[in-house]
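> Take this structure first; my questions come after.
Protein chains: 2
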Amino acid sequence: MQRSTIDDVAQAAAVSIKTVSRVLNHEPNVRESTRQRVMAAVESLNYHPSQSARSLAGSRSYVIGLLYNNPSANYMFDLQTGAMERCRQDRFQLIIHDCTRRRQDIAKHALGLIDQTHADGLVLSAPVCDEPLLLDALHQRSVPYVCIAPNQSPHHASYSFMDDRAAAREITDHLLGLGHRRIAVIVGHPDHYSAVQRLLGFKDSMKAAGVEPNMQLQKQGFYDFESGYTATRELLALATPPSAILACNDDMAAGALMAAHEANINVPNDLSVAGFDDTYISKVVWPRLTTVHQPIQEMAKVATDQLIRQLKSGAQSEPKRIDHCLVVRDSTGPAPT
Amino acid sequence: MQRSTIDDVAQAAAVSIKTVSRVLNHEPNVRESTRQRVMAAVESLNYHPSQSARSLAGSRSYVIGLLYNNPSANYMFDLQTGAMERCRQDRFQLIIHDCTRRRQDIAKHALGLIDQTHADGLVLSAPVCDEPLLLDALHQRSVPYVCIAPNQSPHHASYSFMDDRAAAREITDHLLGLGHRRIAVIVGHPDHYSAVQRLLGFKDSMKAAGVEPNMQLQKQGFYDFESGYTATRELLALATPPSAILACNDDMAAGALMAAHEANINVPNDLSVAGFDDTYISKVVWPRLTTVHQPIQEMAKVATDQLIRQLKSGAQSEPKRIDHCLVVRDSTGPAPT
DNA sequence: CGCGAGTATGACAGCGCTGTCAACCGGTGT
DNA sequence: ACACCGGTTGACAGCGCTGTCATACTCGCG
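So the sequences go chain by chain: Y and D.
At position 168 of the first sequence (counting the first as 1) the number is 169 in the numbering used here, and the numbers step up by one without a gap.
At position 121 of the second sequence (counting the first as 1) the number is 122 in the numbering used here, and the numbers step up by one without a gap.
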């Protein structure tokens, strides 16, 4: 019941360790009968190659690092789940690294992580994937990496993304279609690219509908519950409050709902509230949030896939857009007349 | 800017690699002046020891595995955050492993993980920490492990826990104190120890208050939103519905709120709803949930601490209870007369 | 002043693999 | 019969560390 090594397997299959290595790494030029003998030995000994030995000896470690600095649990969880799913397929190990605190020397820390773990590559999630110093450092050390929803296309990396601007247009159009004209927008965290894009999409639609921009109805938020709550209180205190609020993520939308409930305002009869992301929260608040589904898990999976492919082939792949979709639930309704 | 090795450091500090190793591992018998020279070299070369080489050569890998099979994002996130925090302190690497799917051969998988990663030990979270086959297998291979909130005290491991039963008594007493007598309870997932304990605590208090048990008011849930929602719909359809509902976690409580809202029942005026765990969700639903704070992050941190200590000293530590506390918010109020 | 008992340091093997290179095997073309 | 070639296999070095053991150095004390 002890740990078995490649020597044990080699002995059991009556081949050299090198042949075992070949079989395990799917190298060519192994006779089928030999391959089967080796696999049988692997099975029966319940052998698992040592990652440490592999990464020390070879050029691959089968470890991928996932860097994040987004404090939302749901976001993180989806990210992680998507990346893990893809990793498991090719028996990669995923190492999670939180870089929320270190803004300055993030590049140094990332390189340290690479040195320590011998990670083959990194998956960078938003917004850490937009740190130019980090990207430069990785490129200089030729560490392969991919980005999830980056700001501008990184020069040296593949990435997955969704069209935030189009998505914002869709949900704004949904509100406009319900007859709303006084629509407020609670903007996301200024550090996040998505916040900018979503605001642009909102403005696109409003302009197309011929609605005059009104800065009173645009509030700065930070993608958290609290800021959505505060912004909505201010909006509701206006002489003529909005008939609809587009919050640029679900947490802020939940905050908006809270403020509305407290002010005894009926959603959606007196006020429509729309969110963004379709996280777990959007399904458990009351009323259930109309929102846009952001396919985080899928984006993470695709990005990880791009990375793994790159590790195998050496070539970057094309950026890949993942589809969003509008999810209409109960928090939006016709504009009051 | 290339990766530097222990040889580089040794050369820079004009010592042997063994001495560098000594300094980095805080071994005794190194002259202070030598130590400083080495540290300076480490700094200036930005040296990070290779985990692979370390674990191959030595008996420690500085890797800890965290096993979970609880699909709640918030639970996971807290777990992970707590464990990571402690790991960082001693430069341990945390490896997350989801074992949701594999119920049967979980033991085999865990040992495979150990073989692959050379992990020094495992942190097992509830409910996976209650798989006897897993615990046995780990013990047989003498893999150090600790548990978070295990069912029965594992023989060969330290663990951290909270007193679910007492916590349930507290929140039940809170409801009783508000004058409620017809209190329904939505029980948690039968696989989770906590579910049993919380139900016992509830019954303790009800009995102490002299309330006759009423099986109509006890519903089986599964710690998810949906089951809380369904159970509550059934409860509200009763000839004489309860005046208060204790849901054994926040997700189910959120489901209860949803059902109440849909039935146009005012919370807390007509119905009180209490949750359990004090997760993020309890602060964003309306009305904000009265609940019990379950210190998951702290439990994870403490358990990880126990593991790391054990790795250093070889000795188990005492089980450690982490304090919960009642959090009264807006979802509970006086019983209607 | 020399000797024993630490104290400080280094030489070296080897952890479990992969990469390199050489060897071998059987069929082909001439 | 022989050189040749591609497919198949194995011997062996070495990745960057730690553990073991040997060695050199230091200090107190007889």
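Quick reminder that beta carbons are idealized off the backbone N, C-alpha and C, glycines included.
Count the other C-beta atoms from every protein chain shown that fall within 10 angstroms of the C-beta of residue 34(Y), then say buried if there are 16 or more, exposed otherwise.
exposed
> At a CB-CB cut-off below 7 Å, which residues of chain Y make contact with residue 106(D)?
Under the 7 Å cutoff, chain Y gives no residues; its nearest Cβ is about 10 Å from residue 106(D).
> Quick check: the Cα distance between residue 141(D) and residue 108(D), rounded to an integer number of angstroms?
11 Å
> In the DSSP assignment, the beta strand (DSSP E) including residue 249(Y) goes from what residue to what residue?
Taken as a continuous stretch (DSSP letters only), residue 249(Y) belongs to no beta strand (DSSP E), as it is neither H nor E.
> Let me check you understand the geometry: is the CB of residue 334(Y) closer than 7 Å to at least one non-hydrogen atom of the ligand GDP?
Judged by which ligands are present, the structure shown has none, so any question about the ligand GDP falls away.
> Taking the alpha-carbon positions, what's the residue 187(D) to residue 330(D) distance?
Straight-line Cα distance between these residues: approximately 19 Å.
> Tell me which residue opens and which closes the beta strand (DSSP E) that residue 186(Y) is part of.
184-188
> So with CB distances below 7 Å, who are the chain D contacts of residue 338(Y)?
Residues of chain D passing the Cβ test: none, with the nearest at roughly 24 Å.
> With a 10 Å radius around its C-beta and 16 neighbouring C-beta atoms as the bar for buried, classify residue 253(D) as buried or exposed.
buried
> How would you write the range of the alpha helix (DSSP H) that residue 43(Y) sits in, first residue to last?
33-46
> Take the Cβ of residue 70(D) as the centre, count every other Cβ of all protein chains shown within 10 Å, and call the residue buried at 16 or more, exposed below.
buried
> Comparing C-alpha positions only, which one of 122(D), 14(D), 287(D) sits nearest to residue 63(D)?
Of the candidates 122(D), 14(D), 287(D), the one whose C-alpha sits nearest the C-alpha of residue 63(D) is 122(D).
> Can you round the beta-carbon distance between residue 227(D) and residue 256(D) to whole angstroms, since I take them to be within the 8 Å contact cut?
6 Å
> According to DSSP, what are the bridge partners of residue 95(D)?
Beta-bridge annotation (DSSP): residue 95(D) is paired with 65(D).
> For residue 124(D), report the span of its beta strand (DSSP E) as first-last.
122-125
> For residue 291(Y), count neighbouring Cβ atoms within 10 angstroms of its own Cβ and tell me buried if that reaches 16, exposed if not.
buried
> Against chain Y, does residue 265(D) count as a neighbour if the rule is that its beta carbon must be under 8 Å from one of theirs?
Chain Y contact via Cβ: absent.
> If we define contact as Cβ-Cβ less than 8 Å, is residue 65(Y) a contact residue for chain D?
By this cut-off, residue 65(Y) is not an interface position.
> When burial is assigned at 16 or more other CB atoms within 10 Å of the CB, is residue 270(Y) buried or exposed?
exposed
> Kindly indicate if chain D contains any beta-carbon less than 8 Å away from that of residue 184(Y).
no
> Which one of 43(D), 54(D), 301(D), 219(D) has the shortest CA to CA distance from residue 15(D)?
Per the C-alpha coordinates, the member of 43(D), 54(D), 301(D), 219(D) positioned closest to residue 15(D) is 43(D).
> To the nearest angstrom, how far is the alpha carbon of residue 262(D) from that of residue 288(D)?
10 Å
> For residue 158(Y) and residue 131(Y), I'd like the C-alpha separation in whole angstroms.
12 Å
> Can you tell me the Cα-Cα spacing of residue 236(D) and residue 85(D), whole angstroms?
Rounded to whole angstroms, residue 236(D) to residue 85(D) spans 41 Å at the Cα level.
> Give me, in chain order, the residues of the same chain whose beta-carbon lies closer than 8 Å to that of residue 318(Y); leave out the 5 immediate sequence neighbours on both sides.
159, 307, 310, 311
> Keeping to the same chain, check which residues put their C-beta closer than 6 Å to that of residue 169(D); ignore five residues upstream and five downstream.
Cβ within range, chain order: 199, 202, 203.
> If you measure from the beta carbon of residue 215(Y) to each beta carbon in chain D, is any gap under 8 Å?
no
> Taking a cut of 8 Å between CB atoms, which residues from the stretch 83-112 of chain Y lie near chain D?
85, 94, 95, 96, 97, 99, 109, 112
> If you count every other CB in all the chains shown that lies within 10 Å of the CB of residue 231(D), and 16 or more means buried, which is it?
By the beta-carbon neighbour count (other beta carbons within 10 angstroms, threshold 16), residue 231(D) is buried.
> Grab the span of the beta strand (DSSP E) containing residue 294(D) for me, first residue to last.
292-294
> Look at residue 184(Y) and residue 218(Y) and say whether their C-beta atoms are less than 8 Å apart.
yes
> Between the C-alpha atoms of residue 48(Y) and residue 128(D), what's the straight-line distance to the nearest angstrom?
27 Å
> Can you pull out the residues from the stretch 280-301 of chain Y whose beta carbon lies closer than 9 Å to at least one beta carbon of chain D?
280, 281, 282, 284, 285, 286, 287, 288, 289
> Would you say residue 118(Y) faces chain D, with C-beta separation under 8 Å as the test?
yes
> 8 Å is my cut-off, CB to CB: does residue 223(Y) come that close to chain D?
no
> Is residue 277(Y) close to chain D, meaning its C-beta is less than 8 Å from at least one C-beta of that chain?
no
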